[in-house]
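The listed protein sequences derive, respectively, from chains A and B. Just so you know, my numbering puts 79 at position 10 of the first sequence, and the rest follows in order with no gaps. Just so you know, my numbering puts 207 at position 194 of the second sequence, and the rest follows in order with no gaps. Let me begin by presenting the structure, written as structure tokens, before commenting on it.
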Amino acid sequence: MAVPALEKDFSDTPWVRGDSLVVAHRLRTWYSLKRGLFSKPIYVKAVDDVSLSVSRGETLAVVGESGSGKTTLGRTLIRLLKPTGGELYFDGADISAQEESELRRWFRRRVGVVFQDPYSSLHPYHSIQFILEEPLMIHGVPGEERLERVYRALEEVKLTPPEDFLYKYPHMLSGGQRQRVAIARAVIMNPDFVVADEPVSMLDVSVRVEILNLLKQVQERHKSAFLYITHDIATAKYFSDYIAIMYAGKLVEYGPFKPVIREPSHPYTQALIEALPDPDPKNRLRQRKVAPGEPPNLANPPKGCRFHPRCPYAMDICREQEPPMVEVRPGVYAACWLLVKR
Amino acid sequence: MAIVGETGSGKSTLAKLLTRVWERNVALVDGEVYLEGVEILHMPEHQFRREVRWWKIGMVPQASMNALNPVITIGEQMIEPLLLRGVPKAEALRLAMDSLESVGLPRDTVYRYPHQLSGGMKQRVVIAMALMTRPKVLILDEPTSALDVMTQANIMNLLKELKARMKLSYIFITHDLALASELADSIAVMYAGKIAEIGSADDIYSSPAHPYTQGLMSSMPTLRIDKQLASIPGEVPSLISPPPGCRFHPRCPYYVERNLKGICDAKEPPYAELKPWSGRRHLAACWLYQEFISGR
Chain A
70 MAVPALEKDF SDTPWVRGDS LVVAHRLRTW YSLKRGLFSK PIYVKAVDDV
120 SLSVSRGETL AVVGESGSGK TTLGRTLIRL LKPTGGELYF DGADISAQEE
170 SELRRWFRRR VGVVFQDPYS SLHPYHSIQF ILEEPLMIHG VPGEERLERV
220 YRALEEVKLT PPEDFLYKYP HMLSGGQRQR VAIARAVIMN PDFVVADEPV
270 SMLDVSVRVE ILNLLKQVQE RHKSAFLYIT HDIATAKYFS DYIAIMYAGK
320 LVEYGPFKPV IREPSHPYTQ ALIEALPDPD PKNRLRQRKV APGEPPNLAN
370 PPKGCRFHPR CPYAMDICRE QEPPMVEVRP GVYAACWLLV KR
Chain B
14 MAIVGETGSG KSTLAKLLTR VWERNVALVD GEVYLEGVEI LHMPEHQFRR
64 EVRWWKIGMV PQASMNALNP VITIGEQMIE PLLLRGVPKA EALRLAMDSL
114 ESVGLPRDTV YRYPHQLSGG MKQRVVIAMA LMTRPKVLIL DEPTSALDVM
164 TQANIMNLLK ELKARMKLSY IFITHDLALA SELADSIAVM YAGKIAEIGS
214 ADDIYSSPAH PYTQGLMSSM PTLRIDKQLA SIPGEVPSLI SPPPGCRFHP
264 RCPYYVERNL KGICDAKEPP YAELKPWSGR RHLAACWLYQ EFISGR
């Protein structure tokens with residue numbers, strides 16, 4: 070179910086599909102650090118010129134290290150943060166500058182979010198029933214229907230029988246169960262767009278898979294657009310259609326998941342994949358070819374390509390000019406001077 | 014050797030036991046620990062402190078990079094134990110600089126404060142601290158768990174290089190089986206306070222024997238290897254009242270499948286010798302490998 074294509078020109082960012090549910094075009098979210106009363110504010114460019122789109126029924130994985138701006142991007146897309154610049158469309162409507170009161174009227178009920186830490190994202194004094202019922206109350210679902218939907222949501226996330234969980238409090242649940250409650254809360258309004266921000270990184274290995282499978286099922290059932298934010302590409306593999314790699318606030322590579330992983334184009338993507346350990350003793354004591362150093366400070370990012378201080382292929386132009394996103398293979402885009410045909 | 018287990022499996026407690034930095038409320042310490050043929054678990058504390066801890070066994074505790082004192086320079090924190098030992102300050106500082114250099118940090122890091130360093134650099138500092146006295150054994154408790162994948166890979170590269178250069182023995186504690194394979198010659202898998210399986214890394218990765226190890230392997234997302242993910246049902250048990258018999262039996266698929274009621278839930282399984290092809294020792298604490306069951 071495509072949204073009528075926006076009457077907008079996205080030809081400068083050809084990987085953005087204008088008929089998607091969520092469209093971000095040259096999106097920017099900067100934080101300001103005021104140093105003194107009269108000094109100029111310093112901006113932390115957490116999301117800088119990022120363009121992407123997510124359609125209904127598909128999952129986009131946003132992958133990056135901490136400080137890459139992936140969480141800020143996720144929060145901006147559901148308007149928990151107001152973008153500093155660029156355009157943001159949801160179902161054809163420009164929401165980049167809409168006021169909260171306006172958003173609350175139509176937008177909030179159509180998006181859901183699962184946060185990283187199920188130990189802090191659920192209110193400790195609220196029962197599971199209240200946690201799940203609250204969004205329904207806020208969005209005016211009548212009382213008789215509410216409890217039924219809470220039951221259905223608990224069944225959907227396999228916290229069964231539901232009556233065993235309704236009166237419990239978060240501290241009585243394990244990490245995996247809490248994350249199930251958080252997922253149930255995110256999808257109870259049947260949202261069109263769900264952002265899951267590192268939903269499994271705090272969980273134990275043996276319960277991680279269940280949560281990943283659950284997210285996949287939920288996504289397939291609701292046919293919602295899904296943004297999966299993670300630092301771990303391996304967990305994204307199981308249900309992502311597209312992947313966007315971020316580095317220091319910039320999009321460095323974008324494309325369909327499998328082609329990008331099989332043949333990464335950007336040196337950063339290559340290093341990121343190389344850095345992932347396999348359960349294979351053949352790698353014992355093998356030195357991995359990964360980028361030395363650490364991501365830059367976003368208040369003062371390196372000039373030119375932000376990856377150049379860590380890049381093994383850095384050339385003069387990388388230190389001077391920012392690389393454009395170019396199409397490397399059909400549908401795969403990367404921002405690297407090595408890939409620009411001159 | 015890598016010790017692999019989930020939260021609450023007792024792997025950190027085991028590491029603390031080896032360096033005798035156990036918690037205040039410890040009620041029972043039993044068994045024996047030998048280092049170069051000498052029992053160290055019941056050695057007098059003053060002797061342990063003078064001869065073993067930090068001198069023969071170094072340790073990088075979990076999240077220790079966040080335990081650096083923020084108002085004292087790196088150098089001062091590093092040399093403190095040496096000064097207490099009567100090493101002259103200039104000599105101690107030189108040792109600290111040497112140690113920092115060996116982990117890939119500049120020598121002048123000694124004059125820096127923790128807040129001036131990134132996460133990866135702080136982790137290198139705590140490794141340098143543990144190595145200053147040239148111990149033979151280094152215990153690493155989740156040394157990369159708070160770091161990004163790329164920084165993790167850099168630290169792992171460093172650990173691999175140090176191991177070769179300084180001929181170190183590592184006890185590497187992690188919850189990540191994939192990470193363990195980067196470093197370990199042998200692996201011990203812990204579950205609910207017990208070692209479920211122990212053997213050479215090659216044998217355990219190619220043919221995991223204990224149902225828990227098998228479950229861990231198949232629940233691990235991998236990027237390069239295509240496989241169906243399967244999870245282990247249920248939750249890690251509470252260690253206050255662990256399940257009777259084999260502690261894994263409530264989550265074990267074979268318990269139901271092979272109808273092992275009265276066996277797995279009644280008596281703790283002994284270690285079975287598995288005799289793999291490699292000829293190395295491989296033990297699993299599972300009833301499945303006891304003859305009267307494997308034969309039936």
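From the three backbone atoms N, C-alpha and C, an ideal C-beta is built for every residue, glycine too.
Under 7 Å Cβ to Cβ from residue i, same chain only, skipping five residues before and after it: list those, please.
i                : result
Asn259 (chain A) : His291
Ile257 (chain A) : Leu201, Pro204, Leu205, Arg218, Ala222
Leu102 (chain A) : Pro110, Ile111, Val113, Ala368
Ala392 (chain A) : The sequence given here has Pro at residue 392 (chain A), not Ala. Cys374, Ala404, Cys405, Trp406, Val409, listed in sequence order.
Gly18 (chain B)  : Lys24, His188, Val202, Met203, Tyr204
Tyr124 (chain B) : Thr86, Gly88
Gly245 (chain A) : Leu272, Val276, Glu279, Ile280
Between the beta-carbon of residue i and the beta-carbon of residue j, is there less than 8 Å?
i                : j                : result
Met14 (chain B)  : Ala197 (chain B) : yes
Met203 (chain B) : Gly23 (chain B)  : yes
Ser135 (chain A) : His335 (chain A) : no
Val138 (chain B) : Leu151 (chain B) : no
Leu235 (chain A) : Gln198 (chain A) : yes
Pro412 (chain A) : Ala191 (chain B) : As displayed, chain A neither begins before 70 nor continues past 411, which places residue 412 (chain A) out of reach and without an answer.
Val359 (chain A) : Asn38 (chain B)  : no
Ala177 (chain B) : Gly71 (chain B)  : no
Asp118 (chain A) : Arg104 (chain A) : no
Ser165 (chain A) : Leu172 (chain A) : no
Lys102 (chain B) : Leu108 (chain B) : no
Arg254 (chain A) : Lys227 (chain A) : no
Pro365 (chain A) : Ser137 (chain A) : no
Leu236 (chain B) : Ile302 (chain A) : yes
In the structure shown, what three-state DSSP assignment does residue i receive?
i                : result
Ala12 (chain B)  : Outside the shown range of chain B, which is 14 to 309, sits residue 12 (chain B), and nothing can be said about it.
Arg178 (chain A) : helix
Arg97 (chain A)  : strand
Ile257 (chain A) : coil
Phe295 (chain A) : strand
Tyr128 (chain B) : Checking the displayed sequence, the identity of residue 128 (chain B) turns out to be His instead of Tyr. Here His128 (chain B) sits in helix by DSSP.
Ala205 (chain B) : coil
Asp78 (chain A)  : coil
Ile238 (chain B) : coil
His295 (chain B) : strand
Val84 (chain B)  : coil
Ala303 (chain A) : helix
Glu104 (chain B) : helix
Arg86 (chain A)  : coil
Ala214 (chain B) : helix
Asp1 (chain B)   : There is no way to answer for residue 1 (chain B), as the model of chain B reaches only from 14 to 309.
Phe262 (chain A) : strand
Tyr188 (chain A) : coil
Gly373 (chain A) : coil
Val65 (chain B)  : helix
Leu102 (chain A) : strand
Arg398 (chain A) : strand
For residue i, which residues from the same chain have a beta carbon less than 6 Å from its beta carbon, with the 5 sequence-adjacent residues on both sides left out?
i                : result
Ser190 (chain A) : Phe184, Ala251
Phe308 (chain A) : Thr128, Lys285
Pro289 (chain B) : Asp216, His295
Tyr323 (chain A) : Trp84, Ala313, Tyr402
Could you check if residue i is buried or exposed, using at least 16 other CB atoms within 10 Å of its CB as the buried criterion?
i                : result
Lys372 (chain A) : exposed
Met384 (chain A) : exposed
Phe262 (chain A) : buried
Ile85 (chain B)  : exposed
Met179 (chain B) : exposed
Asp88 (chain A)  : exposed
Thr20 (chain B)  : exposed
Gly50 (chain B)  : exposed
If I measure Cβ to Cβ from residue i and keep anything under 8 Å in the same chain, skipping five residues before and after, which residues do I get?
i                : result
Cys265 (chain B) : Pro224, Tyr225, Cys259, Cys277
Val321 (chain A) : Ile314, Met315, His335, Tyr337, Thr338, Phe376, Ala403, Ala404, Cys405
Pro231 (chain A) : Val219, Tyr220, Leu223, Glu224
Leu252 (chain B) : Gly21, Gly23, Ala205, Gly206
- Kindly provide the ranges of any alpha helix (DSSP H) runs that are 4 or more residues long and lie completely inside the stretch 110 to 196 of chain B, ordered along the chain. The qualifying runs are 132 to 144, 162 to 179, 190 to 193.
- Item | Every unbroken beta strand (DSSP E) within the stretch 208 to 256 of chain A, with a cutoff of 3 residues, ordered by chain | none
- Query: What runs of the beta strand (DSSP E), each 3 residues or longer, lie entirely inside the stretch 104 to 170 of chain A?
  - Reply: Counting whole runs of 3 or more residues, the stretch 104 to 170 of chain A contains the beta strand (DSSP E) stretches 111 to 123, 128 to 132, 154 to 159.
- Mind listing, in chain order, the continuous alpha helix (DSSP H) runs of no fewer than 4 residues lying wholly within the stretch 18 to 53 of chain B? 24 to 31
- Task: Go through the stretch 308 to 366 of chain A residue by residue and report every complete run of the beta strand (DSSP E) that reaches 3 residues or more, in order.
- Result: 311 to 316, 319 to 325
- Message: Extract the residue ranges of the beta strand (DSSP E) inside the stretch 248 to 294 of chain B, only unbroken runs of 3 or more that lie entirely within it.
- Response: 284 to 286
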